[in-house]
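So the structure is just underneath, and the comments pick up after that.
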Amino acid sequence: MVAMTATETKIDIDRTFSTDDLRWQAVVERDVNADGAFYYSVSTTGVYCRPCCAARLARRENVAFHNTSAEAEQAGFRSCKRCRPSKVTQFAIGDCSFGAILVAATDKGVCAILLDDDLDALVRDLHDRFPKAQLIDGDEDFEKTVANVVGFVEAPALSLDLPLDVRGTTFQQKVWAALREIPAGETASYGAVAKRIGSPKAVRAVAGACAANSIAVAIPCHRVVRNDGEISGYRWGVERKQALLEREATS
Ligand SMILES: [Zn+2]
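In the numbering used here, the protein residues as written are 196 to 446.
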């Protein structure tokens with residue numbers, strides 16, 4: 196099974212809810228499939244909502260659309276207390292053979308997989324990476340997501356059957372997309388990745404993008420090694436990188 200990338204998800208959503216008419220239709224139908232694709236605000240109440248909000252339908256002439264909850268807030272609207280559109284990130288901590296693992300997701304997909312044995316450090320790391328996000332403990336449903344991610348981390352040769360919400364600059368996104376093309380059991384040098392994205396001189400910037408990766412294993416920055424093949428630094432510890440590569444080489 197092929198894991199869907201955030202880019203593909205976005206394109207899919209854009210096609211479906213690309214015009215104000217389609218968006219309004221989704222609001223009228225309280226279409227749950229539109230959740231995360233856009234938000235709507237109501238000028239008479241000063242509140243913004245998810246498309247599927249159960250609140251009484253506003254009049255069309257008072258409604259405006261926003262691509263993100265941040266856009267709606269910048270335009271001066273408050274988050275609806277009923278559908279809680281500002282609920283950005285859920286997260287939970289589980290265990291895997293590499294130690295503790297933190298999994299966080301938005302309504303678009305998994306946005307962070309972090310590895311560390313220090314639980315406080317894991318949560319701090321998440322706060323640092325998503326300073327504006329309202330962090331919410333994952334519910335029972337989310338436990339399934341965590342179990343799914345742990346299963347994947349234990350056997351990375353299988354694709355992660357969950358959408359990712361990949362957040363970064365255009366350059367980082369390019370690097371991370373290239374990393375996802377390196378199959379399990381193989382490695383590439385920073386220079387080779389730089390060439391692959393058409394920026395052969397940007398070796399340092401590629402290393403920087405690898406270090407900035409928030410989604411361990413699913414964006415396999417552990418498969419990037421020095422030009423001489425030696426294992427170099429890893430945000431989550433060189434020993435974990437070594438263990439991941441050894442496991443992939445033998446599976
Ligand atoms: Zn609402």
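Quick reminder that beta carbons are idealized off the backbone N, C-alpha and C, glycines included.
Whether residue i touches residue j by CB criterion (7 Å)
i	j	result
D360	T445	no
G241	F272	yes
A267	Y234	yes
L321	A307	yes
V258	V237	yes
K390	H417	no
C453	R225	In the structure as shown, the chain begins at 196 and stops at 446. Residue 453 is therefore absent and cannot be evaluated.
L355	A413	yes
F337	L310	no
V398	G380	no
A404	V433	no
G289	I296	yes
V401	V388	yes
I377	A383	yes
R277	A250	yes
Buried or exposed by the 16-neighbour rule on C-beta atoms within 10 Å, applied to residue i
i	result
Q367	buried
T340	buried
N422	exposed
D313	exposed
L439	buried
D209	With a pLDDT of 45 at D209, under the threshold of 50, the modelled position of that residue is not reliable, and the figure given next carries that caveat. Its Cβ having fewer than 16 others within 10 Å, D209 is exposed.
A352	exposed
D408	It should be noted that the sequence gives Asn, not Asp, for residue 408. Answer is buried; the Cβ neighbour count reaches 16.
D334	exposed
Q285	buried
A270	exposed
G231	buried
L374	buried
E256	exposed
S274	buried
P326	exposed
V227	exposed
Where residue i sits in the DSSP three-state scheme
i	result
Y385	helix
G432	coil
S236	strand
D448	There is simply no residue 448 to check, as the chain begins at 196 and stops at 446 in what is shown.
R391	helix
G289	strand
C247	coil
F347	helix
A259	strand
S427	coil
R418	helix
V361	coil
R273	strand
V227	helix
V412	coil
D207	Any reading at D207 must be qualified, since the residue scores a pLDDT of 43, below 50, and its modelled position is unreliable; no value is offered.
Beta strand (DSSP E) segment containing residue i, residue limits
i	result
A307	304-310
Bounding residues of the alpha helix (DSSP H) (the contiguous stretch that carries residue i)
i	result
T301	Taken as a continuous stretch (DSSP letters only), T301 belongs to no alpha helix (DSSP H), being part of the beta strand (DSSP E) at 294-301.
C405	398-406
L317	314-324
E222	Reading off the sequence, residue 222 comes out as Val, not Glu. 215-224 is the span of the alpha helix (DSSP H), which, as asked, contains V222.
F366	365-374
A267	264-269
Contact test: residue i Cβ vs ligand 1 heavy atom, cutoff 6 Å
i	result
C416	no
C247	no
C244	yes
A221	no
A383	no
A232	no
A250	yes
Residue i: CB within 6 Å of a non-hydrogen atom of ligand 3
i	result
R277	Ligand 3 is absent from the structure shown, which contains only ligand 1.
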